[in-house]
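Asks: In terms of the working numbering, the sequence shown opens at residue 6 and continues consecutively.
Glycine residues also receive a C-beta, built at the ideal position from the N, C-alpha and C atoms.
What you are looking at is a predicted structure, and each value in this text was computed from that prediction instead of being measured.
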Amino acid sequence: MSEKETERVVEKIVSLCKRRGFVFQSSGIYGGINGCWDFGPMGVELRRNIKNDWWYVFVHQRTDVCGLDASILMHPEVWVASGHVEQFHDMLVDCKVCKHRFREDQLEGNRCPDCGGELTGPKAFNSMLKTRLGVSDDSSVDTYLRPETCQSIFVDFKEVYSSSRMKVPFGIAQVGKSFRNEVNTRNFIFRSREFEQMEIEFFCKAADEEYWFEQWRQAIWQWYLDIGLRESKLRWFEHPKEALSHYSKRTLDVEYEFPFGWGELQGLANRGTYDLTQHAAHSGKDLKFFDPDTKESFVPSVIEPSAGVDRTCLAVLCDAYHEEEVEGETRVVLRLHPRLAPIKAGVFPLVKKDGLAEIARTLEQKLRKKFPTFYDQAGAIGRRYRRMDEVGTPFGICIDYQTKEDETVTIRDRDTMQQVRVKMDEVADYVGKRCSSERG
Ligand code: ATP
6 MSEKETERVV EKIVSLCKRR GFVFQSSGIY GGINGCWDFG PMGVELRRNI
56 KNDWWYVFVH QRTDVCGLDA SILMHPEVWV ASGHVEQFHD MLVDCKVCKH
106 RFREDQLEGN RCPDCGGELT GPKAFNSMLK TRLGVSDDSS VDTYLRPETC
156 QSIFVDFKEV YSSSRMKVPF GIAQVGKSFR NEVNTRNFIF RSREFEQMEI
206 EFFCKAADEE YWFEQWRQAI WQWYLDIGLR ESKLRWFEHP KEALSHYSKR
256 TLDVEYEFPF GWGELQGLAN RGTYDLTQHA AHSGKDLKFF DPDTKESFVP
306 SVIEPSAGVD RTCLAVLCDA YHEEEVEGET RVVLRLHPRL APIKAGVFPL
356 VKKDGLAEIA RTLEQKLRKK FPTFYDQAGA IGRRYRRMDE VGTPFGICID
406 YQTKEDETVT IRDRDTMQQV RVKMDEVADY VGKRCSSERG
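Right, dumping it as structure tokens:
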């Protein structure tokens with residue numbers, strides 16, 4: 006794709022997101038704030054569906070993973086022990102002419118990408134967002150908004166396994182906000198300063214690291230396929246040994262081909278015993294796992310799948326966005342997987358009169374108890390379908406004159422636009438089954 010085409014595709018997605026309530030700029034009426042986004046009525050549902058499906062698959066469907074919801078603010082020593090205070094740096098260069106600032110590792114060539122000017126040498130810049138806890142000057146402490154959710158999993162490791170009776174091998178999952186003072190926040194919600202992660206720290210014996218790395222490699226790939234991403238848009242990227250983060254023995258990224266190029270969706274890292282060893286040393290607490298069967302104590306190794314909610318959201322939107330010609334008009338349709346769609350069914354009376362609106366309202370209220378629905382009686386039926394197509398609603402249910410005769414309705418499939426007639430009391434089941442997280 007040429008640069009111009011790329012821009013056009015991204016602009017279309019950004020504009021749909023704004024128009025239909027998926028994503029807004031944060032603090033828009035004040036001119037916005039860089040790297041922060043608000044998720045509107047459709048966006049919040051899409052995100053929840055992504056997070057819920059992830060939790061369903063990786064926590065509820067497994068007996069070897071349990072959940073955690075830890076606080077964002079932590080003791081400042083955590084970030085010393087984890088290596089973030091020392092190592093969580095980006096190397097930045099400035100343009101001597103236009104003064105724009107860039108991450109050295111994201112530059113191609115040695116001139117300013119904006120104006121071609123000469124660049125300064127690299128300077129280290131810590132990406133953690135500092136904050137202050139407490140109100141008085143002498144008792145308050147400086148700490149950070151967490152730059153990743155996983156450190157609380159390590160810190161709470163012993164509390165979790167002793168309270169849940171989990172035994173190695175097992176994992177702890179967490180979904181929550183993280184913050185990074187990113188220098189370059191381009192590409193819509195791909196890189197923001199406030200974002201959400203879905204992380205698992207999977208604890209195993211050192212001898213089993215490679216086995217579990219492979220198990221997780223397959224499981225996370227499958228999840229992207231199960232939420233509807235096209236496999237041809239996904240690939241693996243292996244980090245070269247010399248470029249690994251300070252804690253990692255091996256890292257693979259799942260990448261998605263966004264309109265602006267390939268970008269990381271999720272990292273899979275073998276963190277070895279690094280984190281638990283560091284926290285044991287800094288806190289003075291024993292963070293070994295005691296195996297009651299073998300009476301053995303050891304520091305487990307960690308395999309970490311770490312995914313971003315926002316990037317998943319963006320990949321899902323890019324993958325789902327389609328424009329097609331229908332009866333001489335352009336139809337914009339989001340082909341979202343039904344389990345991710347914000348609204349599962351639109352309910353429409355063919356016309357408002359002759360009691361059809363009343364039947365439609367009653368049906369819509371009944372369906373609403375099972376899943377999110379939307380009632381619409383305004384305008385031509387074709388327009389009503391199109392409005393639902395734009396937000397990815399997989400099913401359009403129409404109540405017509407035949408409904409009055411035999412209690413059947415039509416269900417229109419968003420993607421094929423084909424209609425089937427279904428008994429009114431079977432609609433909840435028909436739609437519900439196709440939108441459920443249950444596989445198979
Ligand atoms: P990048 O190289 O793109 O900066 P990273 O390798 O630093 O990412 P990780 O620390 O591995 O990212 O974080 C795990 C996941 O969290 C990423 O795969 C991504 O989905 C998400 N993530 C990280 N930073 C951001 C951000 N600034 N905005 C949105 N999502 C992010």
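Assuming residue 209 is part of the beta strand (DSSP E), what are its boundary residues?
Replies: Here the beta strand (DSSP E) through residue 209 covers 199-209.
Asks: Within the present structure, is the beta-carbon of residue 270 separated from the nearest heavy atom of ligand 3 by less than 8 Å?
Replies: Absence of ligand 3 is noted for the structure shown, with ligand 1 being the only ligands found.
Asks: Would DSSP call residue 257 helix, strand or coil?
Replies: The answer is strand: DSSP assigns residue 257 an E or B state.
Asks: Does DSSP put residue 252 in a helix, a strand or coil?
Replies: Coil.
Asks: Just tell me which of 391, 415, 361, 374 has its CA closest to the CA of residue 335.
Replies: Comparing Cα-Cα distances from residue 335 to each of 391, 415, 361, 374, the minimum goes to 391.
Asks: Report the CB separation of residue 314 from residue 202 in whole angstroms; it is logged as a contact under 8 Å.
Replies: At roughly 7 Å, the Cβ-Cβ gap stays under 8 Å, so residue 314 and residue 202 are in contact.
Asks: Between residue 370 and ligand 1, is the CB less than 8 Å from at least one heavy atom?
Replies: Incorrect: residue 370 has no Cβ contact closer than 8 Å to ligand 1.
Asks: Let's test the definition: count the other Cβ atoms within 10 Å of the Cβ of residue 217 and tell me whether it reaches 16, buried, or not, exposed.
Replies: Buried is the call here.
Asks: Can you tell which of 106, 171, 89 has its C-alpha closest to the C-alpha of residue 97?
Replies: Considering only alpha carbons, the answer is 106.
Asks: Ligand 1 and residue 441: does any heavy atom of the ligand fall closer than 8 Å to the residue's C-beta?
Replies: No, the beta carbon of residue 441 sits no closer than 8 Å to any heavy atom of ligand 1.
Asks: Determine the contact status of residue 187 and residue 154, defining contact as a CB-CB distance below 9 Å.
Replies: For residue 187 and residue 154, no; Cβs fall outside 9 Å.
Asks: Using only CA atoms, which one of 133, 286, 44, 388 lies nearest to residue 150?
Replies: The residue with the shortest Cα to Cα distance from residue 150 is 133.
Asks: So, with DSSP's three-state summary, where would you put residue 73?
Replies: Of the three classes helix, strand and coil, the one that applies to residue 73 here is coil, per DSSP.
Asks: May I ask whether a heavy atom of ligand 1 can be found less than 8 Å away from the beta carbon of residue 306?
Replies: False, no ligand heavy atom lies under 8 Å from that Cβ.
Asks: At which residues does the beta strand (DSSP E) containing residue 131 begin and terminate?
Replies: 128-131 is the extent of the beta strand (DSSP E) around residue 131.
Asks: Using 8 Å as the Cβ pair cut-off and three pairs as the minimum, do the segment 381-400 and the segment 333-348 touch?
Replies: Counting Cβ pairs under 8 Å, three or more are found: they touch.
Asks: Tell whether a beta-carbon distance below 9 Å holds between residue 58 and residue 311.
Replies: Result no, Cβ atoms of residue 58 and residue 311 do not sit closer than 9 Å.
Asks: For residue 198, which residues of its own chain have a beta-carbon under 8 Å away from its beta-carbon, when the five flanking residues on both sides are left out?
Replies: Only 39, 40, 41, 134, 184, 185, 186, 187, 190 meet the Cβ criterion.
Asks: Use the C-beta contact count for residue 241: other C-beta atoms within 10 angstroms, 16 or more gives buried, fewer gives exposed.
Replies: Residue 241 comes out exposed.
Asks: So within the segment 276-350, which uninterrupted beta strand (DSSP E) runs reach at least 3 residues, ignoring any that extend past its ends?
Replies: The qualifying runs are 294-296, 301-303, 306-313, 326-331, 334-339.
Asks: Going by beta-carbon coordinates alone, are residue 274 and residue 309 separated by less than 9 Å?
Replies: Yes, Cβ-Cβ distance for residue 274 and residue 309 is below 9 Å.
Asks: Nearest CA to the CA of residue 377: which residue from 53, 246, 290, 37?
Replies: Cα-wise, what sits closest to residue 377 is 53.
Asks: Among 206, 290, 278, 76, which has the Cα closest to the Cα of residue 304?
Replies: That would be 278, whose Cα lies nearest to the Cα of residue 304.
Asks: Could you give the residue range of the beta strand (DSSP E) that holds residue 96?
Replies: First-last of the beta strand (DSSP E) with residue 96: 94-99.
Asks: Helix, strand or coil for residue 230? Go by DSSP, reduced to three states.
Replies: Residue 230 falls in the helix class under three-state DSSP.
Asks: Select from 289, 235, 223, 283 the residue whose C-alpha is nearest the C-alpha of residue 258.
Replies: It is 223.
Asks: For residue 1, which residues of its own chain have a beta-carbon under 6 Å away from its beta-carbon, when the five flanking residues on both sides are left out?
Replies: Shown here, the chain extends from 6 to 445; a query on residue 1 therefore has no answer.
Asks: What does residue 396 pair with, by DSSP beta-bridge criteria?
Replies: According to DSSP, which records beta bridges pairwise, residue 396 is partnered with nothing at all.
Asks: List the DSSP bridge partners of residue 418.
Replies: For residue 418, which the question treats as bridged, DSSP gives the partners 400.
Asks: Which ranges does the alpha helix (DSSP H) cover as unbroken runs of at least 4 residues, wholly within the segment 134-206, from first to last along the chain?
Replies: List check, alpha helix (DSSP H) in window: 155-160, 162-169.
Asks: Is it buried or exposed for residue 25, if we count other Cβ within 10 angstroms and need 16 for buried?
Replies: Buried, because 16 or more other Cβ atoms sit within 10 Å of the Cβ of residue 25.
Asks: Comparing alpha-carbon positions, which option in 355, 157, 32, 70 lies nearest residue 208?
Replies: The shortest C-alpha separation from residue 208 is found at 70.
Asks: Taking the continuous alpha helix (DSSP H) assigned at residue 50, which residues delimit it?
Replies: Looking at the DSSP string, the run of the alpha helix (DSSP H) that includes residue 50 is 46-60.
Asks: I need the DSSP call for residue 224, collapsed to helix, strand or coil.
Replies: Three-state DSSP puts residue 224 in a helix.
Asks: Exposed or buried, residue 360, counting other C-beta atoms within 10 Å across all chains shown (16 or more means buried)?
Replies: Exposed, since its Cβ has fewer than 16 Cβ neighbours within 10 Å.
Asks: Specify, as a first and last residue, the run of the alpha helix (DSSP H) that residue 24 falls within.
Replies: Its alpha helix (DSSP H) spans residues 8-24.
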